[in-house]
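Residue numbers (full-length UniProt numbering): 1 to 482.
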Amino acid sequence: MSCQIVRSCANWSNGSPLEHSIADAYCAIIRNSEHFVYIENQFFITSTGESQHPVKNKIGAAIVERILRAARAGQKYKIVVVIPSVPCFAGDLRDDETLGTRAIMEFQYNSINRGGHSIMEVIAKEGFNPMEYIRFYNLRNYDRINNGGTMAAAEQQSGVNYEHAQRQYDMNTAGPGGYAPSTTRSNFDTSAPFQQYQQAAHRFQGSHASTSRWDSVSECYMLGGEDIRKVPWDGHPDAEIDAFVSEELYVHSKVMIADDRVVVCGSANLNDRSQLGDHDSEIAIVIEDFTPVASSMNGKPWTASRFAASLRRELFRKHLGLLPPQDYQRPDANFEPVGVPNQFDFECPESKVVADPLADTVQSLWNSRAHTNSEVFRKVFHAVPDDTVRNWATYKEFYEYYFHKADKEAEAREGFARPARFQWGHVVRDDFAPGAEGAKQVKELLSQVKGTLVEMPLMFLIEEDIAKEGLTLNDLTEPLYT
1 MSCQIVRSCA
11 NWSNGSPLEH
21 SIADAYCAII
31 RNSEHFVYIE
41 NQFFITSTGE
51 SQHPVKNKIG
61 AAIVERILRA
71 ARAGQKYKIV
81 VVIPSVPCFA
91 GDLRDDETLG
101 TRAIMEFQYN
111 SINRGGHSIM
121 EVIAKEGFNP
131 MEYIRFYNLR
141 NYDRINNGGT
151 MAAAEQQSGV
161 NYEHAQRQYD
171 MNTAGPGGYA
181 PSTTRSNFDT
191 SAPFQQYQQA
201 AHRFQGSHAS
211 TSRWDSVSEC
221 YMLGGEDIRK
231 VPWDGHPDAE
241 IDAFVSEELY
251 VHSKVMIADD
261 RVVVCGSANL
271 NDRSQLGDHD
281 SEIAIVIEDF
291 TPVASSMNGK
301 PWTASRFAAS
311 LRRELFRKHL
321 GLLPPQDYQR
331 PDANFEPVGV
341 PNQFDFECPE
351 SKVVADPLAD
361 TVQSLWNSRA
371 HTNSEVFRKV
381 FHAVPDDTVR
391 NWATYKEFYE
401 YYFHKADKEA
411 EAREGFARPA
421 RFQWGHVVRD
431 DFAPGAEGAK
441 QVKELLSQVK
451 GTLVEMPLMF
461 LIEEDIAKEG
471 LTLNDLTEPL
481 YT
């Protein structure tokens with residue numbers, strides 16, 4: 001196995017000459033890739049040339065160069081990119097406090113498909129369909145908060161309100177101001193509200209083991225998980241629909257895999273701050289495992305490397321819902337401490353399903369699951385960003401109209417109150433029947449969700465300047481967001 005450490009550093013950060021070997025590695029590996037590149041990163045800010053001020057790193061130029069070479073040669077070649085749907089911070093994207101988030105999103109969209117010099121626009125100008133060569137995706141999940149029978153029974157038996165027990169626990173753990181030396185923290189006693197509530201909750205769960213199993217329903221979109229339509233609910237029938245919640249699954253990894261042979265992973269984001277060398281200091285490793293694995297690429301025999309192929313297949317299986325849910329009560333061969341290599345079964349059916357990343361069957365499975373999941377989350381949760389939301393007026397109708405936090409912020413902006421409707425991230429009940437029938441309809445839709453992969457909404461707010469320049473966003477401050 002060959003391992004090379006690469007860095008982003010300079011005199012100010014490391015006392016060394018300027019070095020951007022991480023960016024050099026990214027560009028070289030992309031240009032030298034033969035068939036396929038998979039990128040997972042927290043950001044995607046890059047340039048295709050000299051016309052995307054203030055962005056300077058040229059990873060985008062390497063991507064364009066490699067794709068155009070494949071397109072002109074009639075070669076099947078693909079790049080798959082997975083990044084967060086909303087980078088950095090959550091919140092109402094129309095709020096003033098989210099200008100930094102919107103600025104990053106604008107730089108990302110200008111790297112991908114907007115602004116005149118983006119990757120997709122440059123490829124399209126050369127007469128090729130960029131979607132045949134590069135696509136972008138996000139991750140999103142759902143769960144159900146089991147706040148029905150257990151919470152109600154615990155409150156009734158203990159005589160303690162959940163919020164009261166929570167406050168007392170926080171006080172004991174961290175002190176009145178959020179921090180206190182351990183010697184000043186009060187000791188737990190069995191008469192304390194938290195302990196009374198916990199004891200009642202444990203007694204109830206002990207006698208209702210089958211219901212406590214469903215404190216989470218995340219197994220339902222993974223391999224072998226229960227059908228969400230068959231999962232019991234022990235609370236009031238009308239309350240179940242409000243217990244479902246969704247949020248983006250935030251991508252924080254920084255990894256690139258080329259041809260199932262080479263891996264780059266480390267601390268570096270795909271942006272100027274991490275790649276130029278004279279900004280943030282970063283470290284990464286380029287791994288080439290010479291242990292061969294017989295595989296296939298574009299339907300033809302292909303010798304992959306064990307490490308790269310197993311990592312890429314594991315990520316594909318995870319995002320597609322082709323991994324069984326993890327359960328700490330069911331130890332397996334990978335329940336080992338750091339230093340013990342994980343075992344990967346190359347021969348299991350699910351591994352073989354994703355073995356060839358260029359196969360039409362894999363591409364169809366990947367894209368169809370991303371599309372179906374996106375449609376379900378749109379219908380059930382009105383999740384944003386969303387491709388149907390192309391301007392602020394539609395954003396207001398699709399998202400702000402429904403959620404408490406958005407309503408509060410809109411009131412501050414507009415000077416009048418609007419009635420609160422639903423909690424952020426929860427089901428938009430207006431779109432479903434009342435009571436238990438509505439929950440049934442929601443579960444029917446959620447039963448279609450497999451894995452966590454969703455399409456990146458490249459048309460989101462495309463009709464707006466989503467990060468207008470001003471006192472806090474201008475030529476002086478823009479590099480902070482790139």
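In this text, a Cβ means the ideal position worked out from N, Cα and C, and glycines have one as well.
Between the CA atoms of residue j and residue i - distance to the nearest angstrom
i           : j    : result
A62         : D227 : 44 Å
R429        : P337 : 45 Å
S111        : S216 : 38 Å
L276        : D475 : 18 Å
V251        : N41  : 6 Å
R330        : V340 : 19 Å
I22         : T394 : 41 Å
L445        : S374 : 11 Å
T361        : I59  : 29 Å
residue 522 : F403 : A question about residue 522 goes unanswered here, because the residues of the chain that appear run from 1 up to 482.
R185        : G159 : At R185 the pLDDT is 46, less than 50, meaning the model places this residue with poor confidence; the figure from the coordinates comes in the next sentence. About 24 Å.
D234        : Y77  : 50 Å
V264        : E155 : 51 Å
R369        : V376 : 11 Å
F398        : R94  : 13 Å
E65         : V427 : 44 Å
T479        : S218 : Just to set this straight, residue 479 is Pro in the shown sequence, not Thr. The straight-line gap from Cα to Cα measures roughly 39 Å.
Y109        : H382 : 21 Å
R213        : G224 : 16 Å
Environment of residue i [buried if 16+ CB atoms lie within 10 Å]
i           : result
D289        : buried
R167        : exposed
D345        : exposed
K300        : exposed
H371        : exposed
T190        : Low confidence applies to T190: its pLDDT is 47, below 50, so where it sits in the model is not reliable, and the reading given next is rough at best. Exposed, because fewer than 16 other Cβ atoms sit within 10 Å of the Cβ of T190.
D272        : buried
H319        : buried
M1          : exposed
S253        : exposed
D465        : exposed
N113        : buried
S246        : buried
D356        : buried
R72         : exposed
H35         : buried
residue 511 : Lying before the first or after the last residue shown, residue 511 is absent from the chain, which here runs from 1 to 482.
W366        : buried
C3          : exposed
N391        : exposed
D327        : exposed
N161        : exposed
R31         : exposed
A467        : buried
Option nearest residue i by Cα separation, candidates the options
i           : options                   : result
V122        : F136, S51 and G159        : S51
T452        : A304, R7, R140 and Q363   : R140
E248        : L93, Y402, A294 and G425  : G425
S296        : G159, R313, A284 and V286 : R313
E347        : D360, K379 and R306       : R306
I241        : L223, K468, S13 and D431  : D431
H53         : N391, S16, S118 and A73   : S118
A436        : R144, A239, I104 and E132 : A239
F136        : E97, V81 and L93          : V81
residue 489 : M456, S364 and S310       : Since the displayed the chain opens at 1 and closes at 482, residue 489 lies outside it and no answer follows.
L270        : S8, E455 and R317         : S8
N129        : V6, I67, I104 and I285    : I67
G127        : G74, N146, N147 and N391  : G74
Q157        : N138, Q196 and M131       : Q196
V454        : A243, Q423, F316 and G116 : F316
A359        : W302, P325, D387 and G321 : W302
N-terminal and C-terminal residue of the beta strand (DSSP E) that residue i is part of
i    : result
C9   : S2 to C9
I112 : No beta strand (DSSP E) contains I112, which is instead part of the alpha helix (DSSP H) from L99 to I112.
S305 : K300 to S305
S296 : P292 to M297
A284 : E282 to E288
R94  : Per DSSP, R94 belongs to no beta strand (DSSP E) and is neither H nor E.
Y142 : I134 to R144
Extent of the continuous alpha helix (DSSP H) to which residue i belongs
i    : result
V442 : G435 to L446
V64  : I59 to A73
K125 : I119 to K125
I29  : S21 to N32
beta-carbon residue i near the ligand NAD non-hydrogen atom, thresh 8 Å
i   : result
P84 : As far as ligands go, the structure on display features none, and thus does not contain the ligand NAD.
Exercise. Enumerate, from N- to C-terminal direction, the unbroken beta strand (DSSP E) stretches of 3 or more residues contained entirely within the stretch 214-269.
Key: 244-248, 255-258 and 262-266
Quiz item: Quick one: complete alpha helix (DSSP H) runs, 4+ long, within the stretch 325-399?
Solution: 349-353, 360-381 and 392-395
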